[in-house]
Every structure is written in C-alpha cells, then in structure tokens.
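Remarks on the structure that follows.
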Amino acid sequence: MSGTVITYGTFDMFHIGHLNLLRRLAALGDRLIVAVSTDEFNHGKGKRTLIPFEQRAEIVRSIRYVDEVIPETRWEQKLDDVQQYGIKTFAIGEDWAGQFDFLLPYCEVVYLPRTEGVSTTDLKRSLNRFSSVSRDDLLHAFDVLDALRKDFG
Ligand code: CTP
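Everything in the sequence shown is counted per this note's numbering, starting at 1 for the first residue and increasing by one.
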C-alpha cells in the first residue's frame, strides 16, 4: 500500500504490543511517522512515565518499521500534522476507537486491534509487586529475628 501513515503514543517500557502495532501500521502504507508523547504532555494528562522522552523516542526510532519520530506535545496537533506531512492514514490501537473520527474529512482513520495480555500499566503493576517485600517474607524475617533474640538475647 502507498501513502504516509501516522500514529501517536507514549511507548513507555516498550513491549511486544507496541512492536506488533508498529508492524501492522507499517503495512498500511509505505512510510510510518510515530508521534511520541513528551514527558510534559504526559504530565499534563496526569501520566508519569518510567522512561524519559528522549529514550522512548530513540527506541521507537530504531524500530525498522518506523521512518520518522516526531514529538507529541499537544492534543490539537493532529490535524496540523495530517496536513503538514500529507498523511493518508491516521491509525492507532482500538482502545481509542471513535475518538479521532474528526480527522475523517482529511485522511483515513483506522483503529487496530490491541495485542492481548500486555500493557505498560500491567508492567508497572508487576514491577511494583516485584519490588515490594511480600507480607509473608516480612513475617518470616520477624520470626527469624525472634528466634535469634531467644538464642542470643
Ligand atoms: N497497544 C497495542 N497493544 C497493546 C498495548 C498498546 O496495540 N497491548 C497500542 C495502543 O493501542 C496505542 C500504542 O500501542 O496505539 C501506544 O500505546 P501506549 O498507551 O503507549 O501503550 P500501553 O501499553 O497501552 O500503555 P498504558 O497501559 O500506559 O495505556
């Protein structure tokens, strides 16, 4: 297929769902532009990223399906980008279904299925669980201390 495709996203803690999406997006045209949300833009949405913008942008730029990375700094830039870059297709995961139909007079708008079972939110939750000491470990440590106190105290 021909034409330039554009997508928008944070791409924090880059995962297989992101990779699958970029591969599918690239297949929709012959050039893929990815607008990566800046830390300031995310901050304004109340979203905190683990990986800073420069690194997220660098990772996405290194993916072979991606031709260009631009910063996403404000909600309203989409129409400007579509016109400035001569976009044929705006595409994004279906968690955004219907929300960008206002671009329909200017380009195709496509919502792609998400990869099941993976998201940055889930990864952050796992990391939290992984890095916090479990209640059982804590109780076990108290038992050990108690035993030591009895033996030596
Ligand atoms: N995406 C996807 N499949 C997933 C996760 C994300 O196709 N399992 C897509 C989203 O639909 C979006 C793009 O990847 O078009 C960037 O999404 P982003 O919000 O950065 O990733 P999420 O993992 O959804 O992050 P979060 O949990 O913070 O929303």
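We put the beta carbon where it would ideally sit given N, CA and C, even for glycine.
Burial state of residue i, where buried means 16 or more other Cβ atoms lie within 10 Å
i, result
"E72", "buried"
"R56", "buried"
"G153", "exposed"
"T121", "exposed"
Cα-Cα separation, residue i to residue j
i, j, result
"R125", "G17", "16 Å"
"T10", "D146", "48 Å"
"Q83", "I51", "30 Å"
"Q77", "F142", "56 Å"
"L19", "H140", "41 Å"
"A27", "D137", "49 Å"
"E54", "K45", "19 Å"
Per-residue DSSP class, three states only, for residue i
i, result
"G9", "strand"
"T4", "strand"
"A26", "helix"
Paired residues, beta bridge with residue i - DSSP
i, result
"V82", "In DSSP, V82 forms no bridge with anything."
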